[in-house]
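Below: one structure, written as structure tokens.
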Amino acid sequence: MSEQQETEQSYDFRAIQDRWLPVWEELKPFEVPQDASVQSAKPTKYVLDMFPYPSGDLHMGHAEAFCFGDILARYWRGQGYDVLHPIGWDSFGLPAENAAIKRGVDPREWTYANIAQQKASFRIYAPSFDWSRVLHTSDPEYYKWNQWIFLKMYEKGLAYRKASWVNWDPVDQTVLANEQVLADGTSERSGAMVVKKKLTQWYFRITDYADRLLEDLDQLEGKWPTKVLNMQRNWIGRSGGAEVEFEIEGRAEKVPVFTTRPDTLHGATFMVVAPDSDLAAELAAGASPEVRMQFQAYLDATQKQSEIERQNTDREKTGVFLDHFAVNPVNGERIPVWASDYVLADYGHGAIMAVPAHDQRDLDFALKFELPVRVVVNVLDEDGTPMPDPAESGIATAGEGVLVNSAELDGLSKNDAIAKAIEVLEERGTGRAATTYRLRDWLISRQRYWGTPIPILHAEDGSMRPVAEAELPVKLPEAAGLDLKPKGSSPLGAATEWVNVTDPETGETLTRDPDTMDTFVDSSWYFFRFLSSNDATQAFDPAEAKKWAPVDQYVGGVEHAILHLLYSRFITKVMFDLGYIDFEEPFLDMLNQGMVLLDGAKMSKSKGNLVEFASELSEHGADALRVTLAFAGPPEDDIDWADVSVQGSAKFLARAWRIAHDIELSGSTSTDFAAGDTGLRRATHQLLADAPGLAESYKFNVVVARLMEQVNVTRKAIDSGCGAADPAVRESAEAIAIILSLFAPYAAEDMWAMLGHEPTVSLVEWPAADESLLVQEAVTMIVQVDGKVRDKVTVSPTISEADAEAQALGAPNAQRAIGDRQVVKVIVRAPKIVSIVTKPAA
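Going by this note's numbering, the first residue of the sequence shown is number 65, and it counts up by one from there.
Below, the structure is given as structure tokens:
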């Protein structure tokens, strides 16, 4: 019987899984006390995976993400750290509610059944979670603290309610935050084209933190992926310029307009306001009946368009003259005020000054409606020739140049002109330096059932009262009897017994706010709740936060680069300002994993290219699946399942396991490693020296490759006469088991037991490499002359390039080959090879 055949019979992953799962469940090796008073001499690490949504069983994306997070958690335990590695479920939200509606069941039933299924799969997959800290965001014990955070924000003036135009998902019948609208104008939830609708909604004032959110990204350079940092910076979108006050004839209050180019004010020949802005409605109301009718028709058409459509530069410009004129504050010129859909209501104050000569959209509009075009920046082409007049060419000159037709700004370059223009505006009291942001306040209210109730009571006179903290949580009513189908208003409004409340002191009838919170509120602080998940008295213990937080290592998908991460950073800064924590960034280091594809495409049931996690787990076992994912390539790269070999991983595990099995059969217990084979010991200690740096730089695939090499070297040592009883073989097997536990906890634990140790190998600190074994005494360096091997020289493995060149040129056989020829080049690849290139002597 061949070794492979015998091993395949001996290595039974199912039996090994069945052997160790109950042991780990009894030992609970990864639990850490939820008590800051419990002291440990060890340093701490908080390793966190982005928690899953319970939409069904785990899938291959989960398998990959939680594999990488677990590798890091296990690694840091091996380096002598106490590691917090918790798990929970992000269990509120539209998918659960929509699935429940489709199936005619309570969202709770669907949600918690999926959680149970995922938990069972996790149990077999064996991530090193602290199962004593499990949380579900749909539990009242969790969302009570969502409501507490809301009340703290309300007290601080960071939670407010206002009527405004919002993004409306016509399929899910609920509002969406700007961040939940995709680049093509569709809802990330339903895929429907998002439209605008005016509603009274709750917001968190995240814009108050815009500068801190932007500037603190500098602290994360080199720790977060550059792509994520850039996405956050672009989303916040800070722009400097000026706020200019325009007087509109017949209107007492001036209109502030933000511009990044106040130097071009002399070129502003008309004003454009967003048709869905309050200003447009006000001006239209004061216009002629004909204009009012035109405006209303135009507004109706605008509301059916997405922001993406409105911002499309290729669209023909449309608009309505509002029968009003504004006054240009720098030259007193009367300029007409128009409404046009290319201006958005939530940009600045919903109004712009139009400078058509130097902005293409303004120019297209001016040419369409025959409005004046005045050049105020003399822009030159590459040859130094003035660009053609935009009014004639139809092309706006948006580049830099010298100011013209601009009174006191004439002759100034862009930056100097901007500074001078702001100075002039401030002197005249018609403007000031200003900063604006792309970021908008976080719209948190949703018109759906399955979410956190907003803890606000409404009185008949329109006043609002926060629910007392002692009365939290405001629990969701039972779904039975409620129509959960999307209809544009919250189902909670129909829960009469729940929504109507009597004030016990005054007898006044109050109504609960019928909306629920955006589920991104749930995930914006869950990493704090893990610190005190069983504490009913507070959201989290500040002492536990001081001990564990911030999160040292965060693992998850890049698809959350804006929404979740931005909101988490915001809430963390609020908690800092409230005095609960002493840090302002929640996640110190971040790893974004790639996607798991099949034949180059994203997996999908509808496409018929789905690899089922459950079937892979059942067929190959957790260890082989985890090793395959780790070995497939760098974590940030996509993995194509068609290109990997789970069977190959299983064979590797069998070979590794066989080494410990052979040692057990030999009966040897010697740990006098120094008496073992020196060559094998060198390989073992080189692995121990290299693996930590590789793991910390996320080169998990390289660590697996090195383990494979070590298994082969050890197998070769056993089979070549060294024997399984050699202490160096045991030393190698122990190193393999310890490092292998990062990727294959079952096989590693079984190896550890066969080597005579108590469980669990996952808590064993890694042995330090013996530096004396890391120095190779000598290596053979090849010497080539004109492409042919002419000599071999024994050298130190650390030889310098200069010494290697000298030894190669001095080698006797190399000298004979060179003869009287002239050496023209020497290429050194120390300590492996030196290549000498010659030509005939002159």
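Every residue, glycine too, gets a C-beta built ideally from N, C-alpha and C.
What you are looking at is a predicted structure, and each value in this text was computed from that prediction instead of being measured.
Classification of residue i by the beta-carbon crowding that lies within 10 angstroms, buried from 16 upward
i	result
Leu293	buried
Glu128	buried
Gln69	No answer about Gln69 holds up, because its pLDDT of 46 lies below 50 and its placement is not dependable.
Asp907	Residue 907 cannot be examined here, being either before or after the span of the chain that is shown, 65 to 906.
Glu456	exposed
Gln840	exposed
Ser341	buried
Lys610	exposed
Ser104	exposed
Met65	Summary for Met65: the model assigns pLDDT 44, below 50, so the residue's position carries little reliability; its value from the coordinates is reported in the next sentence. It counts as exposed.
Ser826	buried
Leu729	exposed
Glu72	Unreliable placement is indicated for Glu72, whose pLDDT of 46 sits below 50; no coordinate value is reported for it.
Asp616	buried
Tyr590	buried
Met451	buried
Val239	buried
Arg78	exposed
Arg253	buried
Thr175	buried
Thr778	buried
Tyr207	buried
Glu307	buried
Arg374	buried
Pro537	buried
Where residue i falls: helix, strand or coil (DSSP)
i	result
Ala160	helix
His330	helix
Asp707	helix
Arg253	coil
Lys889	strand
Met772	helix
Trp153	strand
Pro436	coil
Thr71	Caution applies to Thr71, whose pLDDT of 49 falls short of 50 and renders its modelled position unreliable; the model cannot decide the point.
Asp121	coil
Tyr762	coil
Arg854	strand
Phe389	strand
Where the alpha helix (DSSP H) through residue i begins and ends
i	result
Asn479	478-492
Tyr631	627-641
Ala415	Where Ala415 is concerned, there is no enclosing alpha helix (DSSP H), although the beta strand (DSSP E) it sits in stretches over 415-418.
Leu363	353-367
Pro320	Note, Pro320: premise wrong, no alpha helix (DSSP H); beta strand (DSSP E) at 319-323.
Pro400	First-last for Pro400: 398-403, but that is the beta strand (DSSP E), not the alpha helix (DSSP H).
Trp816	809-818
Gly620	Gly620 -> not in any alpha helix (DSSP H); beta strand (DSSP E) instead, spanning 615-621.
Glu798	791-804
Residue i - containing beta strand (DSSP E), residue span
i	result
Arg529	528-530
Arg187	Counting along the chain, Arg187 falls outside any beta strand (DSSP E), though it belongs to the alpha helix (DSSP H) covering 171-189.
Leu674	Taken as a continuous stretch (DSSP letters only), Leu674 belongs to no beta strand (DSSP E), as it is neither H nor E.
Thr238	238-240
Arg576	573-576
Arg225	223-233
Ser290	Checking the sequence shown, residue 290 turns out to be Thr, not Ser. From DSSP, Thr290 is part of no beta strand (DSSP E) but of the alpha helix (DSSP H) over 290-300.
Thr264	259-268
Inter-residue CB distance, residue i and residue j (contact presumed, cutoff 8 Å)
i	j	result
Arg302	Tyr513	Their Cβ separation, rounded to whole angstroms, is 38 Å, which puts Arg302 and Tyr513 out of contact at 8 Å.
Trp140	Val111	7 Å
Asp233	Val258	6 Å
Ala543	Asp170	5 Å
Ile727	Met818	7 Å
Does the structure place the region 80-96 close enough to the region 632-649 that three or more beta carbon pairs sit under 8 Å?
With a cut-off of 8 Å, the region 80-96 and the region 632-649 do not count as touching, because too few Cβ pairs lie within range.
Would you say the region 361-381 touches the region 398-412, given that touching needs at least three Cβ pairs under 8 Å?
With a cut-off of 8 Å, the region 398-412 and the region 361-381 count as touching, because enough Cβ pairs lie within range.
State whether the region 461-469 contacts the region 274-294, with contact taken as three or more CB pairs (one from each stretch) at a distance under 8 Å.
Not touching, per the Cβ criterion.
How about the region 572-581 and the region 511-523: do they share at least three Cβ pairs that are nearer than 8 Å?
Yes: at least three Cβ pairs fall under 8 Å.
With a cut-off of 8 Å, do at least 3 Cβ pairs link the region 856-876 to the region 885-902?
Taking a cut-off of 8 Å on C-beta distances, the region 856-876 touches the region 885-902, as three or more cross pairs fall below it.
Touching or not, the region 244-264 and the region 482-501, by the rule of three or more beta carbon pairs under 8 Å?
Because the criterion of three Cβ pairs below 8 Å is not met, the region 244-264 and the region 482-501 do not touch.
Quick check: the region 770-777 against the region 795-804, are there 3 or more CB pairs under 8 Å?
Because the criterion of three Cβ pairs below 8 Å is met, the region 770-777 and the region 795-804 touch.
Segment contact flag, the region 348-355 with the region 385-401, C-beta cutoff 8 Å, min 3 pairs
The region 348-355 makes contact with the region 385-401: 3 or more CB pairs, one atom from each, lie closer than 8 Å.
Contact between the region 740-749 and the region 697-716: three or more CB pairs below 8 Å?
Segment contact: the region 740-749 against the region 697-716, fewer than three CB-CB distances shorter than 8 Å; contact not assigned.
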